[in-house]
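Going down the list, the protein sequences come from chains D and A. Numbering of the first sequence is given in our numbering, commencing with residue 120 and proceeding in unit increments. Numbering of the second sequence is given in our numbering, commencing with residue 20 and proceeding in unit increments. Heads up: the structure comes next, in C-alpha cells.
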Amino acid sequence: MTRLLDVENLTLKFKTDEGLITAVDNVSFTLEAGEVMGLVGESGSGKSVTAKSLMKLNASNAVYDERTKIVLHLDDGPVDIMTLKSSKDLRVVRGGAISMIFQEPMASFAPAISIGDQMVEQLQVHTDMNAKRAKEVSIEMLDRVGISDASTRFKQYAFELSGGMRQRAMIAMALSTRPKLLIADEPTTALDVTIQAQVIDLMKDLVTEFGMGIVFITHDLGVIAQTADSVAVMYLSRIVEQGTVRDVIRRPAHPYTKGLLAALPSLDDLDRPLTPVPGDIPSPLDRPSGCVFNTRCSANLGAVCSRDLPDFTTVADSHRVACHLFNEGAAK
Amino acid sequence: MSDDLLIEARDLSVHFPIRGGGLFGPAVVVRAVEGVNLDIEKGSFFGLVGESGSGKTTLGRALLKAAPISRGSVQYNDGEVQHDLTKIDGKALKDYRSRAQLIFQDPYAALSPRMTVRDIIAEPLEVMGLTSSREETDERVREIAAKCRLNLEHLRRFPHAFSGGQRQRISIARALVSGPRFVVADESVAALDVSIQADVLNLLKEIQQEMGLTFMFISHDLSVVAHICDHVAVMYLGRLVESAPTRELFAAPRHPYTKALLSAIPSLDPDAPNIAQKLEGEIPSPTNPPPGCKFQTRCPYATDICRKEEPKLEHSSGEHEVACHYWQDLMD
Chain D
120 MTRLLDVENL
130 TLKFKTDEGL
140 ITAVDNVSFT
150 LEAGEVMGLV
160 GESGSGKSVT
170 AKSLMKLNAS
180 NAVYDERTKI
190 VLHLDDGPVD
200 IMTLKSSKDL
210 RVVRGGAISM
220 IFQEPMASFA
230 PAISIGDQMV
240 EQLQVHTDMN
250 AKRAKEVSIE
260 MLDRVGISDA
270 STRFKQYAFE
280 LSGGMRQRAM
290 IAMALSTRPK
300 LLIADEPTTA
310 LDVTIQAQVI
320 DLMKDLVTEF
330 GMGIVFITHD
340 LGVIAQTADS
350 VAVMYLSRIV
360 EQGTVRDVIR
370 RPAHPYTKGL
380 LAALPSLDDL
390 DRPLTPVPGD
400 IPSPLDRPSG
410 CVFNTRCSAN
420 LGAVCSRDLP
430 DFTTVADSHR
440 VACHLFNEGA
450 AK
Chain A
20 MSDDLLIEAR
30 DLSVHFPIRG
40 GGLFGPAVVV
50 RAVEGVNLDI
60 EKGSFFGLVG
70 ESGSGKTTLG
80 RALLKAAPIS
90 RGSVQYNDGE
100 VQHDLTKIDG
110 KALKDYRSRA
120 QLIFQDPYAA
130 LSPRMTVRDI
140 IAEPLEVMGL
150 TSSREETDER
160 VREIAAKCRL
170 NLEHLRRFPH
180 AFSGGQRQRI
190 SIARALVSGP
200 RFVVADESVA
210 ALDVSIQADV
220 LNLLKEIQQE
230 MGLTFMFISH
240 DLSVVAHICD
250 HVAVMYLGRL
260 VESAPTRELF
270 AAPRHPYTKA
280 LLSAIPSLDP
290 DAPNIAQKLE
300 GEIPSPTNPP
310 PGCKFQTRCP
320 YATDICRKEE
330 PKLEHSSGEH
340 EVACHYWQDL
350 MD
C-alpha cells in the first residue's frame, strides 16, 4: 500500500464572540491509497470539521494551530495543504485531488442548473477537457454509478431525481475528476436502508476500481463495520480510540466506544437493555480539564482523569486508545 | 370491537387530490394510505415501519384525526369513551385531542424559541381548558416534567439552552401533559445521537408502562423498532404488507419486502457474510402506483399474478399477517 495522507497534530479553533472554541484538538491519523477510514462520533465531536480541514474548507474564523501538518501524497510529489493560501492554489486539492460528498444531496446541487452542466463545469475547472469530452465523461460516470438512461438524467435538475438517485449523481460528480481522496460526510444518513445498502455497495466497488482513499464520516457504527477498514472514534474534538474496524468494534477499549456500542440497538439480541452514556456532551465553551470524557465516564479513576490528558496507549498492532485505564503506572 | 383494542381501523384510506380534473387533464390523486386494516391493543407499543413515501406518517396522522379520512372507519375505545373518527367533530373531537397526542421528529423545530419550557408544556392544558387555575396548571406541568426527568430550574429557561435529548424530553412532556391514552411518536428518535436515542427510548418505555399508555411508534429504523415495540406493521406504498408480534416478525419475516428490509440493515460484525437481498430501484411514486401487488416492480419473485392481482393481508399463523401471493412458497 502507498501512503496517501498524513495528518499530524491537527488543531483548530474557531474565533467567536464568546472566545476561542476548540473544534479539533491534536488529531493525527494516516490513510493509505485504497483504504476506507471511518470517523465516528456524536454531533459536535468535530468529525466534519476534521474532514473539512483536509481541504481548508472551514469558515474564515477558523484558526489552525501552527503545529498542524496535513500532507497529501500525489503522483507528482507531496502537497503540504497548510501552506496553500490562495483559493487558486487550493483548487488543486478542492474538487481536484480531493472530492467531497455531503449528507443532503438536494442542498449540494444548485437547484437551477442541470445536473449535467454542473458536472461539466467542474470537469472544465479541474481538467483540460473540452466541453464535448467533459459531457461524454459525465454521462459515462452517471452510467457507472447505476443511473439508468444517463443521457436523459444528464439534462435534468436535482429536484427531478429521487433521493437515492441524487446521492448517486453526487457520487458520480465527485468521482468524475478521479480524486485521490474522497471525503464522504454522512452520505447515507438521509437515505432509506434499502437505498443505503445500494449506495454502500457502490462505494465499495468504486474504491476497488479507482483505488482512492475514503474518509467516511458517520454516526452509524453498523455502516462503519460494513464499509471501513479502520476507524477513529472522536469525542469533544479529540480522537479517543483508533484502530482497525475489527479491533475497535470487537474489542473496544475506551469507555466511550464501549458506551456507544452499548447504546446501539442490535437485532441479534432484542432483550439486551439499551444503556445510554450518562449525561450530555459538554459545551465546547466549557471543556472539562484532563480527559475530555471524564465528566461522563463510568470508569473514572478520579483525580488523574480530571487533571491529566491521557496519552495514546497501543493495545494491539495499530489499535490505540487515549485513556488512563491503559496507562501503566497510572494511579488506580 | 373487542375490549382489548384501543384503535380499530377498517379499510382506512387517505387520498390527497394534488391536481383537479377538467381543463388541465385528468384529476391526480395521491393514495397515501389505501385499505389499511389495523388493530392496536390497549397498552401496547405498536411499531410502524417503512421507507420514506410509504405513508406511515399519514397513517399515524389519520389515526389522530389530523389527516382527512377518505374511506373506511376508525374506532377508538379507551374504556371511558368511544369515538368514531370518521364522524367525530365539535366537542367530541376536542375530547379526542386530549386523549390522542403526537410527538414530532425534530426537537429543534417543534419547540417555539420564544416560549419558556414551562409555557410550552402548559400550552395544551390552557388551550384545551383542562385546568381551572394557574396553580393547578403549574402543578400538572411540574408533575409531568419530573416524569420526563426535567427539573424545576429547566422550566424557567428557553429551548435554545437545551441539547437535542433534553428538547425531545420537553416535547414528550408537552404531549403527555393532557393525560392522553394514545400517543403517536413519529420518528421521535431519528434526529438524535445513539446515546441520546437510547436514553429517550428508555424514557418512552418507562412512561408507557407507568402511565399505561398505548404508543404508535413510527420509524424507518428497524433495529430501534425491534427493541421497543411489541407488535410491528410494515408499510409499502400506502398498504400494510406484513404485521406480526415483534419477535415473530424479526425471527421469521414472511413478506419479501420485510426480508429485504431486514437484510439491508448493516451488521455490526465486519465479517458478516453479505447476505443482503439487494432491492433494485426505488419505491414507485404514489401518484402512479403499479397494478397488482405494489411491490411487484422490485420483488425478485414477482410473476404474472402479482402484476394483475393485489394480494390481501391474510393470517399466516396466530397474529402474523402477510399480504403476498407467495408467502407460503417463500417460507424457508
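A virtual CB, placed ideally from N, CA and C, is assigned to each residue, including glycine. Owing to the predicted nature of the structure, the values given are computational and were not obtained by experimental measurement.
Where D339/D falls, given that 16 or more other Cβ within 10 Å makes a residue buried: buried
Cβ neighbours of H438/D in the same chain (closer than 6 Å, five flanking residues each side left out): Once the five neighbours on either side are set aside, the close Cβ partners of H438/D are G362, D366.
Coil, strand or helix - K331/A by DSSP: Coil, per DSSP.
Own chain partners of G174/A with C-beta closer than 8 Å, once the 5 adjacent residues on each side are dropped: Looking at the sequence shown, residue 174/A is not Gly but Leu. Closer than 8 Å at Cβ, skipping near neighbours: T135, V136, R137, I140, V160, R161, A164.
Separation of V434/D from K451/D, as counted between CA atoms: Residue placement at K451/D cannot be trusted, given a pLDDT of 43 that sits under 50; the coordinates are not used to answer.
The stretch 361 to 385 of chain D: positions lying closer than 7 Å to chain A by Cβ: Answer in chain order: V364, R365, I368, G378, L379, A382, L383, P384, S385.
Cβ contact check for the stretch 198 to 208 of chain A and the stretch 118 to 125 of chain A: 3 or more pairs under 8 Å: yes
Where R439/D falls: helix, strand or coil (DSSP): Here DSSP, grouped into helix, strand and coil, assigns R439/D to strand.
C-beta contact flag for L298/A and T313/D at 7 Å: Yes. Within cutoff.
Inside the stretch 226 to 304 of chain A only - alpha helix (DSSP H) runs reaching at least 4 residues: 241 to 247, 265 to 270, 275 to 283
D103/A, enclosing beta strand (DSSP E) - first and last residue: 101 to 103
Min CB distance D311/D to chain A below 7 Å: yes
Cβ-based contacts, 7 Å cut-off: residues of the stretch 59 to 78 of chain A near chain D: E70, S71
Rounded C-alpha distance that separates D136/D from D388/D: 48 Å
DSSP three-state assignment for I217/D, whether helix, strand or coil: Residue state, collapsed to three classes: strand.
As assigned by DSSP and simplified to three states, the class of H344/A: coil
Status (buried if at least 16 other CB within 10 Å, exposed otherwise) for Q185/A: buried
Test: S242/A CB closer than 7 Å to a CB of chain D: yes
Contiguous beta strand (DSSP E) assignments of at least 3 residues, all confined to the stretch 142 to 219 of chain A: Listed in chain order, the complete beta strand (DSSP E) runs (minimum 3 residues) inside the stretch 142 to 219 of chain A are 201 to 205.
Distance, A441/D Cα to V359/D Cα: 5 Å
Partner residues on chain D for H246/A, Cβ-Cβ distance less than 7 Å: P384, L389, L393
Start and end residues, beta strand (DSSP E) containing H245/D: Annotation for H245/D: no beta strand (DSSP E) segment contains it, though the alpha helix (DSSP H) segment containing it runs 234 to 245.
A316/D at chain A interface by Cβ criterion, 7 Å: yes
Minimum C-alpha distance to I88/A - residue among V196/A, L241/A, F35/A: F35/A
Burial state of V352/D, where buried means 16 or more other Cβ atoms lie within 10 Å: buried
DSSP beta-bridge partners of N96/A: Q101/A
Interface flag, P87/A vs chain D, CB-CB below 7 Å: no
Residue from D348/D, E151/D, Q315/D whose Cα sits closest to the Cα of G332/D: E151/D
Helix, strand or coil at K188/D [DSSP, three-state]: strand
Test: S214/A CB closer than 7 Å to a CB of chain D: yes
Chain D residues whose Cβ lies nearer than 8 Å to that of I284/A: Within 8 Å of the CB of I284/A, the CB atoms of chain D belong to V312, G341, L386, in sequence order along the chain.
DSSP state of E328/D mapped onto helix, strand, coil: helix
Contacts that S32/A makes with chain D (C-beta to C-beta distance below 9 Å): Residues of chain D passing the Cβ test: none, with the nearest at roughly 24 Å.
Same chain only: Cβ atoms within 6 Å of M260/D, ignoring 5 sequence neighbours per side: Excluding positions up to five away in sequence, the list reads A291, S295.
Per-residue DSSP class, three states only, for R272/D: helix
Cβ-heavy atom distance, M147/A to the ligand ATP, below 6 Å: The ligand ATP is absent from the structure shown, which contains no ligand whatsoever.
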